[in-house]
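**Q**
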Ligand SMILES: Nc1nc2c(ncn2[C@@H]2O[C@H](COP(=O)(O)OP(=O)(O)OP(=O)(O)O)[C@@H](O)[C@H]2O)c(=O)[nH]1
Ligand SMILES: [Mg+2]
């Protein structure tokens, strides 16, 4: 499965980033802590290669803490590579990311420092901006492509921060990366097939997080051997049924993905530094 979802505003943002990045002092690249490689936009990497970039692993409350620690070591042990992990709604943590960023710049105190917040959709960019500002100035929401335009905000300590719309790239592949992104909520519902994503997710959870599955879905007396049985059992127990008592797979798939995204199954990471298979330059 490849995914193609590149609405017009993403193309506009891509063009804008190409011109605006040169005028900024530093970049906060907001990644999803559960998928720090899949959620890294190769375009950002290309555009920002000569610019100070801090990788912000956001949503760490949803990610497996052991894996997040491995990721921080992985990024911070590379030359000229900096990473922090945060919960975007926590003021002290959002400021920790900004202050870390400022500490790495060669700051000219006579002028304002310009920091641009970039990343794929739904990673929490606008949430972080609102937290830093201490009030709701940017619209946020748990669906991708909420922000449609750049927005500049002045913060204390002569810092200007720019929120930008989340952008992806025109064709998302390989398949595993597309599935992980879709499961995380970075891709519009209109561009994905829930049954496919749930099937992938069920397989992943059975392999990597069987204990969390057994805990969340305690009606499972033994762990199912395959993805379809798991989805059917969850659907059946949760009342996702069609006429005649047959499991409604679409509804059961949506339920599994919804619970995963909300962190109800537990703290889950889709990637660890050890098992990155797809080619990446991050
Ligand atoms: N659990 C958790 N949720 C978060 C965190 N940060 C943001 N969110 C949620 O993630 C969703 C997306 O947040 P936004 O700030 O709108 O994301 P965005 O990156 O600006 O999205 P686009 O504008 O579409 O690119 C919202 O439901 C937020 O409440 C976090 O650290 N933890
Ligand atoms: Mg936004």
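Residue numbers (my numbering): 468 to 749. Glycine is no exception: its CB is placed at the ideal position from the N, C-alpha and C atoms.
Following a CB-centred definition, is residue 593 positioned closer than 7 Å to any heavy atom of ligand 3?
**A** What this structure holds is ligand 1 and ligand 2, not ligand 3.
**Q** Between residue 505 and ligand 2, is there a pair consisting of the residue's CB and a ligand heavy atom that are separated by less than 7 Å?
**A** Answer for residue 505: no, Cβ out of range of ligand 2.
**Q** Run the CB neighbour count on residue 582, radius 10 Å, all protein chains shown included, and call it buried at 16 or more, exposed below.
**A** By the neighbour-count rule (16 or more Cβ atoms within 10 Å), residue 582 is buried.
**Q** Flag residue 497 as yes when its Cβ comes closer than 7 Å to any non-hydrogen atom of ligand 1, and as no otherwise.
**A** Yes, the beta carbon of residue 497 sits closer than 7 Å to at least one heavy atom of ligand 1.
**Q** What residue from 570, 607, 567 and 522 has the CA that sits closest to residue 556's CA?
**A** For residue 556, the nearest C-alpha among the options comes from 607.
**Q** Taking 7 Å as the line, does the beta carbon of residue 613 fall inside it for any heavy atom of ligand 2?
**A** Flag set: Cβ of residue 613 near ligand 2.
**Q** Rounded to whole angstroms, what's the CA-CA distance from residue 672 to residue 480? Just pull it up for me.
**A** Distance between the alpha carbons of residue 672 and residue 480 is about 35 Å.
**Q** Identify whether residue 597 lies in helix, strand or coil by the three-state DSSP scheme.
**A** The answer is helix: DSSP assigns residue 597 an H, G or I state.
**Q** Taking the C-alpha atoms as reference points, what is the distance between residue 636 and residue 473?
**A** Answer to the nearest angstrom: the Cα atoms are 7 Å apart.
**Q** How should residue 493 be labelled, buried or exposed, when 16 other C-beta atoms within 10 angstroms of its C-beta is the threshold for buried?
**A** With 16 or more other Cβ atoms within 10 Å, it is buried.
**Q** Out of 488, 470 and 534, point me to the one whose CA is closest to residue 629's CA.
**A** Among 488, 470 and 534, the Cα nearest to that of residue 629 is on 488.
**Q** Within 10 angstroms of the Cβ of residue 532, are there 16 or more other Cβ atoms? Answer buried if so, exposed if not.
**A** Residue 532 should be labelled exposed.
**Q** How far does the alpha helix (DSSP H) with residue 620 in it reach, from first residue to last?
**A** It is not in any alpha helix (DSSP H) - residue 620 instead sits in the beta strand (DSSP E) that spans 618-622.
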